[in-house]
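Colleague:
Residue numbers (this note's numbering), protein chains in the order written: chain Z, 17 to 535; chain H, 3 to 209.
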């Protein structure tokens with residue numbers, strides 16, 4: 017700051033004799049960072065520090081001798097005289113020694129917020145007052161910013177139904193955001209919750225073990241906390257939370273605090289659950305309709321053993337009545353009757369398993385066995401249409417982790433499509449090849465190949481769209497559902513043209529991480 | 003030699019239990035039976051056109067019962083066919099009947115119903131075979147005639163008197179009488195009516 021000669025201050029300073037004390041005071045006045053204004057008992061400005069000149073934009077000479085009111089905007093301006101008179105009359109202190117936030121007026125007419133502290137000069141009569149003025153525009157601005165970002169954060173937390181907290185090393189809550197209070201239905205005053213409290217009062221008993229495991233992993237520094245669990249509120253309602261947290265360790269490796277967010281995902285969960293339930297109902301519906309389409313074939317498949325049983329039984333009656341009863345033949349026939357009755361029962365059992373509405377359950381599945389299990393249902397349809405079904409599985413395939421019934425549903429659907437595609441082709445071409453092989457280290461591929469009419473280019477476009485069908489009696493759900501089943505299992509479903517004619521539908525399934533069978 | 007062969011029931015069904023139960027049933031009533039698991043296996047078997055009947059499953063993977071019937075018709079097989087059908091196979095059964103099947107029976111069936119149909123089919127087969135044998139015999143006799151005897155026969159069958167035949171062939175009436183006697187003898191005809199019937203049977207079988 018350039019030094020200006022005191023002469024520039026004009027007459028008022030010159031009027032008074034300059035004792036060395038006064039010079040000291042001047043130096044102090046000008047060195048102070050805060051603006052300093054000295055007034056007499058009527059409010060007339062006697063001194064105006066250099067910082068005050070800068071803050072207000074006045075030269076000292078311009079304001080010394082004027083009333084301090086000129087440095088204030090309304091309403092302070094008209095009230096100031098009243099304040100001063102009251103103080104002089106009653107000695108009551110409203111500002112002196114207290115300080116307050118006021119608004120001041122610059123020479124250029126702009127107003128600015130400031131902190132004002134006023135002191136009374138001891139022993140002067142009539143009294144004189146010293147005002148210290150600090151511009152707080154920036155602080156105000158920062159405060160405003162902080163308030164805004166806080167309210168935005170609060171709004172964001174409310175909208176996302178997400179709360180955050182900071183917890184000390186002992187697990188106690190040092191800070192709980194308002195939204196987290198709302199999520200936990202916690203009174204805002206009652207902020208300190210220990211982990212034990214939390215576990216006992218909120219966490220769903222069935223999820224406590226998982227919760228504690230996740231916390232232990234975080235505290236040991238292995239992994240940040242990322243866990244979903246349920247809480248039970250005082251009114252008994254259950255909410256789903258997604259809890260993310262991180263442990264902060266001190267330089268000595270000691271646990272200092274946890275910081276975390278808790279997201280109430282109950283609504284999302286419900287939507288997901290509803291979508292899943294709908295998907296499962298649709299999948300089941302599609303299985304039922306597949307079975308409906310296969311009813312004729314299934315009736316045939318049950319009629320075969322029944323017919324054999326009837327014929328065996330009638331043959332037995334005749335064999336026993338022969339002059340020399342052929343008992344060995346009778347025993348063989350009875351054995352066959354037994355076997356055929358079991359065979360009919362098996363058809364019904366498989367049918368029931370296939371159409372039963374059941375929970376989706378993933379387990380390690382041996383693809384070779386799955387295809388063999390499926391042969392009966394698939395053969396039924398093939399026989400009805402004079403089509404050969406050939407199964408060609410690599411030996412020692414690794415197991416896949418899947419829902420076996422849903423997998424059968426996919427394969428059966430593809431086989432039925434293949435059969436339908438060959439309705440019009442000559443006898444020697446009527447064969448469906450169902451094969452499974454290890455596509456890579458971590459994938460098993462199942463292929464259903466036919467020698468049918470193939471896929472028209474315009475059909476391939478819509479092939480996987482729900483309700484798209486080229487069949488007179490199809491629902492158009494088969495392929496759409498098959499693809500969603502395969503995707504849900506982490507695999508892919510696609511098609512290629514068959515080498516000679518017809519189509520090949522492929523799908524892959526990830527190998528289960530568990531033990532592999534065979535080699 | 004053909005006449006001496008015992009008729010056999012041939013069963014073609016891809017379902018081993020149905021096939022085996024039929025084999026046992028027919029065995030229990032003393033009927034010779036041979037079973038085949040596909041139409042192709044049946045076609046490949048050396049049957050030398052043996053007498054009997056065919057019990058045929060209408061639905062089979064690969065060659066269906068109907069397709070086997072078409073192939074047998076192409077080979078001029080006279081083997082009577084009884085089709086075994088399932089539920090809802092009526093349209094196929096109708097098609098089979100139009101292509102010449104003798105009968106069809108729905109599974110499951112009463113054994114006696116099947117055995118009755120089989121017996122009827124075997125009778126029909128025996129009848130056709132007798133007729134075929136007779137025609138063959140007549141043809142052989144016809145082949146034994148000299149060209150001149152054949153000319154005389156055709157004119158006799160056409161209903162012409164010896165005198166007219168003599169004029170047509172530019173022969174004496176006496177010569178015609180000798181030829182005619184030789185024809186009657188070679189054809190083993192008891193009467194003129196018998197002779198005419200035999201010739202019509204092989205040369206205009208539909209009459």
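Note that CB positions come from ideal geometry on N, CA and C, so glycine has one too. Quick caveat, the model's predicted, so the values are computed rather than measured.
Check whether the Cβ atoms of residue 85 (chain Z) and residue 96 (chain Z) lie closer than 8 Å to each other.
Modeller: The residue you call residue 85 (chain Z) lines up with position 69 of the first chain. The residue you call residue 96 (chain Z) lines up with position 80 of the first chain. Yes, the Cβ-Cβ distance between residue 85 (chain Z) and residue 96 (chain Z) is below 8 Å.
Colleague: Quick one: list the residues of chain Z neighbouring residue 193 (chain H), beta-carbon separation under 8 Å, in chain order.
Modeller: Here residue 193 (chain H) corresponds to residue number 191 of the second chain, with the count starting at 1. Within chain Z, no residue comes near residue 193 (chain H); the closest Cβ sits about 49 Å away, beyond 8 Å.
Colleague: Would you mind stating whether residue 474 (chain Z) and residue 527 (chain Z) have Cβ atoms separated by less than 8 Å?
Modeller: On the first chain, position 458 is the one that residue 474 (chain Z) refers to. On the first chain, position 511 is the one that residue 527 (chain Z) refers to. No, Cβ-Cβ distance for residue 474 (chain Z) and residue 527 (chain Z) is not below 8 Å.
Colleague: Identify each residue in the segment 387-418 of chain Z for which the Cβ-Cβ distance to at least one residue of chain H is less than 9 Å, and report them in chain order.
Modeller: Listed by position, the residues of the segment 387-418 of chain Z near chain H (Cβ gap below 9 Å) are 395, 398, 399, 400, 401, 402, 403, 404, 405.
Colleague: Identify the residues that DSSP records as bridge partners of residue 136 (chain Z): which are they?
Modeller: In the first chain, residue 136 (chain Z) corresponds to position 120, counting from 1. Answer by DSSP bridge pairing, in chain order: Z:145.
Colleague: Measure the alpha-carbon distance for residue 394 (chain Z) versus residue 405 (chain Z) and round it to whole angstroms.
Modeller: Position 378 of the first chain, counted from the start, is the residue given in the question as residue 394 (chain Z). Position 389 of the first chain, counted from the start, is the residue given in the question as residue 405 (chain Z). Using only the alpha carbons, I get a separation of about 8 Å.
Colleague: Here's the rule I'm using: 16 or more other beta-carbon atoms within 10 Å means buried, otherwise exposed. How should residue 182 (chain H) be labelled?
Modeller: Here the question's residue 182 (chain H) lines up with position 180 in the second chain. By the neighbour-count rule (16 or more Cβ atoms within 10 Å), residue 182 (chain H) is buried.
Colleague: Using a Cβ-Cβ cut-off of 8 Å, state whether residue 69 (chain H) counts as contacting chain Z.
Modeller: One-based indexing of the second chain puts residue 69 (chain H) at position 67. Yes, residue 69 (chain H) lies at the interface with chain Z (some Cβ there is under 8 Å from its Cβ).
Colleague: With 8 Å set as the bound, which would you pick, yes or no: does the beta-carbon of residue 99 (chain H) sit closer than that to a beta-carbon of chain Z?
Modeller: By 1-based counting over the second chain, the position of residue 99 (chain H) is 97. False, the Cβ-Cβ gap to chain Z never drops below 8 Å.
Colleague: Would you say residue 8 (chain Z) and residue 199 (chain Z) are within 8 Å of each other, going by their C-beta atoms?
Modeller: No answer is possible for residue 8 (chain Z): it lies beyond the span of chain Z, which begins at 17 and ends at 535.
Colleague: Indicate the three-state DSSP secondary structure (helix, strand or coil) for residue 341 (chain Z) in the structure shown.
Modeller: The count along the first chain starts at 1 and reaches residue 341 (chain Z) at position 325. It is coil, neither helix nor strand.
Colleague: How long is the line joining the alpha carbons of residue 88 (chain Z) and residue 160 (chain Z), rounded to whole angstroms?
Modeller: Taking the first residue of the first chain as position 1, residue 88 (chain Z) is located at position 72. Taking the first residue of the first chain as position 1, residue 160 (chain Z) is located at position 144. So the two alpha carbons sit approximately 23 Å from each other.
Colleague: Rounding to the nearest angstrom, what Cα-Cα distance links residue 21 (chain Z) and residue 56 (chain Z) in this structure?
Modeller: Here residue 21 (chain Z) refers to the residue found at position 5 of the first chain. Here residue 56 (chain Z) refers to the residue found at position 40 of the first chain. Its pLDDT being 43, under 50, residue 21 (chain Z) is placed unreliably by the model, and nothing is read from it.
Colleague: From which residue to which residue does the alpha helix (DSSP H) around residue 105 (chain H) run?
Modeller: Taking the first residue of the second chain as 1, we reach residue 105 (chain H) at position 103. Note, residue 105 (chain H): premise wrong, no alpha helix (DSSP H); beta strand (DSSP E) at 105-108.
Colleague: Does the CB of residue 309 (chain Z) have a neighbour CB from chain H at under 8 Å?
Modeller: Working through the first chain from its first residue, we reach residue 309 (chain Z) at position 293. Output row for residue 309 (chain Z): interface = no.
Colleague: Can you list, in chain order, the residues of the segment 53-83 of chain H whose Cβ is nearer than 8 Å to any Cβ on chain Z?
Modeller: Cβ contacts with chain Z: 61, 62, 63, 64, 65, 66, 69.
Colleague: Given a threshold of 16 other Cβ atoms within 10 Å of its Cβ, counted over all protein chains shown, does residue 515 (chain Z) qualify as buried or as exposed?
Modeller: By 1-based counting over the first chain, the position of residue 515 (chain Z) is 499. Answer is exposed; the Cβ neighbour count stays below 16.
Colleague: If you drop the 5 nearest sequence neighbours on each side, which residues of the same chain put their C-beta closer than 6 Å to that of residue 304 (chain Z)?
Modeller: One-based indexing of the first chain puts residue 304 (chain Z) at position 288. Only 371 meet the Cβ criterion.
Colleague: Using the Cβ count rule (16 or more neighbours within 10 Å means buried), how would you classify residue 133 (chain H)?
Modeller: Counted from its first residue, the second chain places residue 133 (chain H) at position 131. Under this definition residue 133 (chain H) is an exposed residue.
Colleague: Do you know offhand how far residue 105 (chain H)'s Cα is from residue 191 (chain H)'s?
Modeller: By one-based count along the second chain, residue 105 (chain H) stands at place 103. By one-based count along the second chain, residue 191 (chain H) stands at place 189. Residue 105 (chain H) and residue 191 (chain H): Cα-Cα distance of roughly 38 Å.
Colleague: Please give me, in chain order, every unbroken run of the alpha helix (DSSP H) with length at least 4 that falls completely inside the segment 241-283 of chain Z.
Modeller: The qualifying runs do not exist here; there are none.
Colleague: Got a sec: is the Cβ-Cβ distance from residue 160 (chain H) to anything in chain Z below 8 Å?
Modeller: The sequence position of residue 160 (chain H) within the second chain is 158, counting from 1. Judged by the 8 Å Cβ criterion, residue 160 (chain H) is not in contact with chain Z.
Colleague: Express the C-alpha separation of residue 510 (chain Z) and residue 453 (chain Z) in angstroms, rounding to a whole number.
Modeller: Translated into positions along the first chain, residue 453 (chain Z) becomes position 437. Translated into positions along the first chain, residue 510 (chain Z) becomes position 494. Cα-Cα distance, rounded: 16 Å.
Colleague: Taking the beta strand (DSSP E) that residue 452 (chain Z) falls in, what are its first and last residues?
Modeller: As a working note, residue 452 (chain Z) is residue 436 in the first chain. 447-456 is the span of the beta strand (DSSP E), which, as asked, contains residue 452 (chain Z).
Colleague: What's the gap between the Cα of residue 29 (chain Z) and the Cα of residue 62 (chain Z)?
Modeller: Here the question's residue 29 (chain Z) lines up with position 13 in the first chain. Here the question's residue 62 (chain Z) lines up with position 46 in the first chain. Its pLDDT being 46, under 50, residue 29 (chain Z) is placed unreliably in this model, and the value from its coordinates should be taken loosely. C-alpha separation (whole angstroms): 9 Å.
Colleague: Using a Cβ cut-off of 8 Å (strictly closer), state whether residue 20 (chain H) contacts chain Z.
Modeller: Residue 20 (chain H) sits at position 18 when you count from the first residue of the second chain. So, interface residue.
Colleague: Let me see if you follow: with CB-CB separation under 8 Å, is residue 260 (chain Z) close to chain H or not?
Modeller: As a first step, residue 260 (chain Z) is located in the first chain; it is residue number 244 there, counting from the start. With 8 Å as the cut-off, residue 260 (chain Z) does not count as an interface residue toward chain H.
Colleague: Alpha carbon to alpha carbon, how far is residue 274 (chain Z) from residue 232 (chain Z)? Give it in angstroms, no decimals.
Modeller: The residue you call residue 232 (chain Z) lines up with position 216 of the first chain. The residue you call residue 274 (chain Z) lines up with position 258 of the first chain. Using only the alpha carbons, I get a separation of about 12 Å.
Colleague: Exposed or buried, what is residue 3 (chain H) when buried is set at 16 or more other beta-carbons lying within 10 Å of its beta-carbon?
Modeller: The count along the second chain starts at 1 and reaches residue 3 (chain H) at position 1. Bear in mind that the predicted position of residue 3 (chain H) carries a pLDDT of just 43, short of 50, making it unreliable; the figure below should be weighed with that in mind. By the 10 Å Cβ count, residue 3 (chain H) comes out exposed.
Colleague: Give every residue of the same chain whose Cβ lies closer than 8 Å to the Cβ of residue 124 (chain Z), excluding the five residues on either side of it in the sequence, and list them in chain order.
Modeller: Locating residue 124 (chain Z) in the first chain gives position 108, counting from the first residue. So the qualifying residues of the chain are 73.
Colleague: Which residues mark the beginning and the end of the beta strand (DSSP E) in which residue 408 (chain Z) is found?
Modeller: Along the first chain, one-based indexing puts residue 408 (chain Z) at 392. Taken as a continuous stretch (DSSP letters only), the beta strand (DSSP E) holding residue 408 (chain Z) covers 404-409.
Colleague: Confirm, please, whether the CB-CB distance from residue 374 (chain Z) to residue 403 (chain Z) is below 8 Å.
Modeller: As a working mapping, residue 403 (chain Z) is identified with position 387 in the first chain. As a working mapping, residue 374 (chain Z) is identified with position 358 in the first chain. No. Outside cutoff.
Colleague: Taking Cβ positions only, does residue 322 (chain Z) come closer than 8 Å to chain H?
Modeller: Indexing the first chain from 1 puts residue 322 (chain Z) at position 306. Cβ-Cβ to chain H under 8 Å: yes for residue 322 (chain Z).
Colleague: List the residues that DSSP assigns as beta-bridge partners of residue 131 (chain Z).
Modeller: For the purposes of this step, residue 131 (chain Z) is taken as residue 115 along the first chain, with counting starting at 1. In DSSP, residue 131 (chain Z) forms a bridge with Z:117, Z:150.
Colleague: In chain order, what residues of the same chain have a beta carbon less than 7 Å from the beta carbon of residue 27 (chain H), not counting five sequence neighbours either side?
Modeller: What you label residue 27 (chain H) is simply residue 25 of the second chain in a count that begins at 1. Closer than 7 Å at the Cβ level, and outside the excluded window around residue 27 (chain H), lie 113.
Colleague: Cα separation between residue 128 (chain H) and residue 317 (chain Z)?
Modeller: If you number the second chain from 1, residue 128 (chain H) lands on position 126. If you number the first chain from 1, residue 317 (chain Z) lands on position 301. So the alpha carbons of these two residues sit roughly 36 Å apart.
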